[in-house]
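What follows is one structure encoded as structure tokens, with my remarks underneath.
There are 2 protein chains.
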Amino acid sequence: MRATLIYGAGDVRVENVPDPEIKLPTDAVVRVLRSCVCGSDLWPYGSKPHAEHGERIGHEFLGVVEDTGSEVSNLQRGDVVVAPFVWADNTCDFCREGLQTSCRHGGLWAAEGNDGGQGEAVRVPQADGTLVKLGVGEDSALLPSLLTLSDVFPTGYHCAVKGGVNARTTVTVIGDGAVGLSAVLSAKRLGAERVILMGRHKDRTDLGRDFGATDIVAERGEEGIERIRELTGGDGTHVVLECVGLAQAMDTALSVVRDGGTVSRVGAPQYEQVNLGFPSFMGNVTLTGGVAPARAYIEDLLPDILDGTIEPGRVFDRTVGLDEVPAGYQAMADRTALKVLIKP
Amino acid sequence: MRATLIYGAGDVRVENVPDPEIKLPTDAVVRVLRSCVCGSDLWPYGSKPHAEHGERIGHEFLGVVEDTGSEVSNLQRGDVVVAPFVWADNTCDFCREGLQTSCRHGGLWAAEGNDGGQGEAVRVPQADGTLVKLGVGEDSALLPSLLTLSDVFPTGYHCAVKGGVNARTTVTVIGDGAVGLSAVLSAKRLGAERVILMGRHKDRTDLGRDFGATDIVAERGEEGIERIRELTGGDGTHVVLECVGLAQAMDTALSVVRDGGTVSRVGAPQYEQVNLGFPSFMGNVTLTGGVAPARAYIEDLLPDILDGTIEPGRVFDRTVGLDEVPAGYQAMADRTALKVLIKP
Numbered sequence: 001m002r003a004t005l006i007y008g009a010g011d012v013r014v015e016n017v018p019d020p021e022i023k024l025p026t027d028a029v030v031r032v033l034r035s036c037v038c039g040s041d042l043w044p045y046g047s048k049p050h051a052e053h054g055e056r057i058g059h060e061f062l063g064v065v066e067d068t069g070s071e072v073s074n075l076q077r078g079d080v081v082v083a084p085f086v087w088a089d090n091t092c093d094f095c096r097e098g099l100q101t102s103c104r105h106g107g108l109w110a111a112e113g114n115d116g117g118q119g120e121a122v123r124v125p126q127a128d129g130t131l132v133k134l135g136v137g138e139d140s141a142l143l144p145s146l147l148t149l150s151d152v153f154p155t156g157y158h159c160a161v162k163g164g165v166n167a168r169t170t171v172t173v174i175g176d177g178a179v180g181l182s183a184v185l186s187a188k189r190l191g192a193e194r195v196i197l198m199g200r201h202k203d204r205t206d207l208g209r210d211f212g213a214t215d216i217v218a219e220r221g222e223e224g225i226e227r228i229r230e231l232t233g234g235d236g237t238h239v240v241l242e243c244v245g246l247a248q249a250m251d252t253a254l255s256v257v258r259d260g261g262t263v264s265r266v267g268a269p270q271y272e273q274v275n276l277g278f279p280s281f282m283g284n285v286t287l288t289g290g291v292a293p294a295r296a297y298i299e300d301l302l303p304d305i306l307d308g309t310i311e312p313g314r315v316f317d318r319t320v321g322l323d324e325v326p327a328g329y330q331a332m333a334d335r336t337a338l339k340v341l342i343k344p
Numbered sequence: 001m002r003a004t005l006i007y008g009a010g011d012v013r014v015e016n017v018p019d020p021e022i023k024l025p026t027d028a029v030v031r032v033l034r035s036c037v038c039g040s041d042l043w044p045y046g047s048k049p050h051a052e053h054g055e056r057i058g059h060e061f062l063g064v065v066e067d068t069g070s071e072v073s074n075l076q077r078g079d080v081v082v083a084p085f086v087w088a089d090n091t092c093d094f095c096r097e098g099l100q101t102s103c104r105h106g107g108l109w110a111a112e113g114n115d116g117g118q119g120e121a122v123r124v125p126q127a128d129g130t131l132v133k134l135g136v137g138e139d140s141a142l143l144p145s146l147l148t149l150s151d152v153f154p155t156g157y158h159c160a161v162k163g164g165v166n167a168r169t170t171v172t173v174i175g176d177g178a179v180g181l182s183a184v185l186s187a188k189r190l191g192a193e194r195v196i197l198m199g200r201h202k203d204r205t206d207l208g209r210d211f212g213a214t215d216i217v218a219e220r221g222e223e224g225i226e227r228i229r230e231l232t233g234g235d236g237t238h239v240v241l242e243c244v245g246l247a248q249a250m251d252t253a254l255s256v257v258r259d260g261g262t263v264s265r266v267g268a269p270q271y272e273q274v275n276l277g278f279p280s281f282m283g284n285v286t287l288t289g290g291v292a293p294a295r296a297y298i299e300d301l302l303p304d305i306l307d308g309t310i311e312p313g314r315v316f317d318r319t320v321g322l323d324e325v326p327a328g329y330q331a332m333a334d335r336t337a338l339k340v341l342i343k344p
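These protein sequence lines map, in sequence, to chains X and U.
Taking full-length UniProt numbering, the leading residue of the first sequence gets 1, the next gets one more, and so forth.
Taking full-length UniProt numbering, the leading residue of the second sequence gets 1, the next gets one more, and so forth.
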């Protein structure tokens with residue numbers, strides 16, 4: 001089959017790789033209907049040292065079950081399923097607590113010999129625990145929104161849930177990428193009435209308004225902080241959703257959170273340390289969040305997509321075939337595309 | 001009257017200062033029955049540059065109301081009261097949320113012309129909001145435990161509450177100082193069945209056992225981390241209560257917290273940054289805590305002290321008069337005293 005490999009910064013290729021097959025009785029093989037490029041894929045695309053052998057990449061996909069191992073009992077050939085971006089048994093103590101990203105028998109796509117999502121098919125370990133049946137056909141118009149359940153939408157949702165967003169909290173969302181916009185949609189779903197979106201790409205912040213943002217702050221750094229302070233009577237907001245992952249974004253988050261409030265982060269941190277010294281201590285600021293256990297949220301979010309209440313798939317603004325994946329990466333890196341859908 | 005001033009590192013003096021008097025109609029004047037030295041007083045005692053003029057110091061006291069301003073309605077001359085270590089109106093939005101440390105009309109003892117607690121009397125701003133009547137006489141044997149309500153006990157309690165301690169959480173407490181021991185007592189009160197205390201002073205960890213610690217880890221750094229991992233099947237504990245304030249203690253906390261768990265800190269941070277990069281992100285670790293709004297907890301904790309259920313005053317292992325306050329500081333700095341009670 002064909003799949004995407006990354007050889008280094010700026011060098012993504014689609015090549016022939018071995019067809020996936022059942023290796024363990026808990027495996028399934030899924031033929032990919034839709035995949036996509038994640039903002040976090042852009043970190044290696046921007047900086048990975050060049051290597052002689054490419055590495056598989058991609059961790060978001062939905063598809064059709066083609067084969068199942070002997071111990072798989074919840075899935076059948078033909079089921080249309082979505083995979084969260086971490087596979088998990090969904091039965092261990094961490095999974096039962098809703099932290100499938102720490103599953104005792106889980107792992108990451110495209111790592112340690114496992115298939116990546118940006119290809120024609122995927123061997124899925126712990127298939128019963130990992131895959132969620134969607135109850136739609138292969139040609140459903142909802143596939144883009146359903147695909148967001150693999151990562152980007154639950155990531156924004158995790159950010160809002162961990163931040164404690166509710167009807168009584170004001171919210172700042174930092175970042176107008178697909179995760180930030182998903183966080184806006186999530187904050188709205190959790191009842192927030194005031195959602196300030198920090199972003200400077202008008203097409204993106206316009207979608208943010210559609211998703212529930214009540215205010216847009218295009219300024220960054222000190223100016224952006226000042227603007228949020230103006231909008232909140234000097235106090236900042238109860239919750240700040242940090243959806244970028246850069247040190248400056250985290251510093252901004254800590255500067256616009258209200259005393260006693262929470263900064264929740266889901267942007268994969270491109271920093272080692274966080275400025276949480278005396279001022280944050282005196283303000284009783286909480287820092288929470290982390291890699292999102294998407295699996296924990298899928299059943300909760302699915303009905304709202306199926307009945308059209310929410311359309312998180314609107315973050316996709318370009319669709320490519322497998323051959324065009326390298327161009328899709330470049331478009332996202334150039335910010336000419338917000339998020340690229342892949343139709344193998 | 002006489003009060004304690006600090007001139008610089010190692011230089012604390014007891015001198016004559018102006019008698020406190022009502023300045024604002026919301027003030028009261030309190031004659032101090034008991035005060036004490038805080039672990040946080042040892043930071044300036046250890047490092048403050050020497051100055052020509054001394055500054056008032058001390059923020060923990062209980063005493064007798066001697067005079068009240070015209071707008072004070074809840075207090076009468078003769079009431080025995082405790083003051084939390086931050087004064088507050090107890091009516092603003094932050095106070096109503098239980099964050100009196102961020103009160104819009106609050107402030108700190110011994111700062112900006114306000115009296116400190118380590119003296120014969122104190123002018124108390126926002127007296128109605130700040131002071132809590134204890135319902136005991138001036139000679140009550142409970143005064144030491146009641147005095148802990150001003151800071152050290154609610155600080156440990158805040159740490160445990162913010163950490164989310166309950167009957168289902170395992171807990172590590174870092175630090176066998178008076179705050180750490182108060183955190184142990186608090187974790188026990190909140191139902192924790194497993195409380196691991198990290199500390200290496202046997203007399204202190206023995207008191208920790210009395211307060212509810214189930215395990216003592218005397219090792220520090222990597223060895224201490226390894227020991228906690230051994231005790232918890234490799235996972236760490238759900239909650240870590242960081243009661244020291246040094247960078248190493250925070251690093252230890254982040255190394256012994258279970259995935260999805262919480263590090264709660266109340267040790268005044270002697271660091272600017274916290275190592276919260278990729279590993280903490282992947283582990284979904286929350287960092288919370290901060291300066292404790294003692295006022296928010298006093299009414300909750302008071303009955304348990306009055307009926308003898310808990311004796312947080314056991315952290316005091318030396319009592320001095322006002323003249324001996326400098327020796328009291330030195331004893332705490334030398335660690336020959338855990339916490340020094342002052343009887344003016």
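Glycine included, each C-beta is placed from N, C-alpha and C at the ideal position.
What you are looking at is a predicted structure, and each value in this text was computed from that prediction instead of being measured.
- I57(U) is positioned such that its CB atom lies closer than 8 Å to that of Q118(U).
- Within the UniProt domain "Alcohol dehydrogenase-like N-terminal" (25–128) of chain X, the complete alpha helix (DSSP H) segments of 4 residues or longer fall at 42–47 and 93–96, listed in chain order.
- Among the residues of the segment 282–308 of chain X, those with a Cβ less than 8 Å away from any Cβ of chain U are M282, G283, N284, V285, T286, L287, T288, G289, G290, V291 and P293, in the order of the chain.
- Using a C-beta cut-off of 8 Å, the segment 151–160 of chain X makes no contact with the segment 118–127 of chain X, since fewer than three inter-stretch Cβ pairs fall below that distance.
- Membership of A3(X) in the beta strand (DSSP E) is indicated by the continuous run R2 to G8.
- It is roughly 8 Å from the alpha-carbon of H59(U) to the alpha-carbon of C36(U).
- The segment 216–232 of chain X makes no contact with the segment 180–192 of chain X: fewer than 3 CB pairs, one atom from each, lie closer than 8 Å.
- Residue burial is scored here from C-beta neighbours: D41(X) has at least 16 other C-beta atoms within 10 angstroms and is therefore classed as buried.
- If you check each beta-carbon in the segment 101–114 of chain U against every beta-carbon of chain X, the ones closer than 9 Å belong to T101 and S102.
- Secondary structure within the UniProt domain "Alcohol dehydrogenase-like C-terminal" (178–301) of chain X: the alpha helix (DSSP H) runs of 4 or more consecutive residues, fully enclosed, are 178–189, 202–211, 221–231, 247–256 and 278–282 (chain order).
- Sequence-distant partners of H238(X) (beyond 5 residues in either direction) whose C-beta falls short of 6 Å from its own C-beta, in its chain, are T169, T170, R258 and G261.
- For the set S102(U), R13(U) and R31(U), the Cα lying nearest the Cα of A51(U) is the one of R13(U).
- Here the alpha carbons of D27(U) and V256(U) stand approximately 46 Å from one another.
- In the same chain as V65(U), and ignoring 5 residues on each side of it, the C-beta atoms closer than 7 Å to its own belong to A28, V30, L75, Q76, R77, G78, D79 and V81, in chain order.
- Inter-residue distance for L197(X) and A268(X) is about 19 Å (C-alpha atoms, whole angstroms).
- Taking a Cβ-Cβ cut-off of 9 Å, A253(U) has no neighbours in chain X, whose nearest Cβ is about 12 Å from it.
- With respect to chain X, the C-beta atom of N275(U) has a partner C-beta closer than 8 Å.
- In the structure shown, the three-state DSSP call for I310(X) is coil.
- The bridge partners DSSP lists for V132(X) are V82(X).
- For a Cβ distance threshold of 9 Å, nothing in chain X lies close to G175(U): the least Cβ distance comes to about 15 Å.
- Residues of the segment 144–172 of chain X with a C-beta atom less than 7 Å from some C-beta of chain U do not occur.
- Between the beta-carbon of G10(X) and that of E272(U) there is about 36 Å, and that puts the pair past the 8 Å contact cut.
- Between T214(X) and R194(X), the beta carbon gap of about 5 Å places them in contact (Cβ cut-off 8 Å).
- For I174(U), the three-state secondary structure derived from DSSP is strand.
- With at least 16 other beta carbons inside 10 angstroms of its own, R204(U) counts as buried.
- Each residue's CA atom was taken as its position, placing I342(X) and E138(X) some 15 Å apart.
- The Cβ atoms of G8(U) and P49(U) lie closer than 8 Å to each other.
- Of all residues in the segment 37–55 of chain U, none has a C-beta nearer than 7 Å to a C-beta of chain X.
- Contacts with chain U at 8 Å (Cβ-Cβ) include E97(X).
- According to DSSP, residue pairing for D323(X) in a beta bridge does not occur.
- With 16 or more other Cβ atoms inside 10 Å of its own Cβ, E242(U) counts as buried.
- Counting every other CB atom within 10 Å of its CB across the protein chains shown gives G180(U) a total of 16 or more, marking it as buried.
- Proximity of the segment 291–308 of chain U to the segment 98–105 of chain U meets the contact definition, three or more beta-carbon pairs being nearer than 8 Å.
- Relative to A178(X), the option among G164(X), L62(X) and L147(X) whose CA is nearest is L147(X).
- Remark: C-beta atoms of D307(X) and L338(X) do not approach each other more closely than 8 Å.
- For the C-beta of D79(X), not a single chain U residue is nearer than 9 Å; the gap to the nearest is close to 30 Å.
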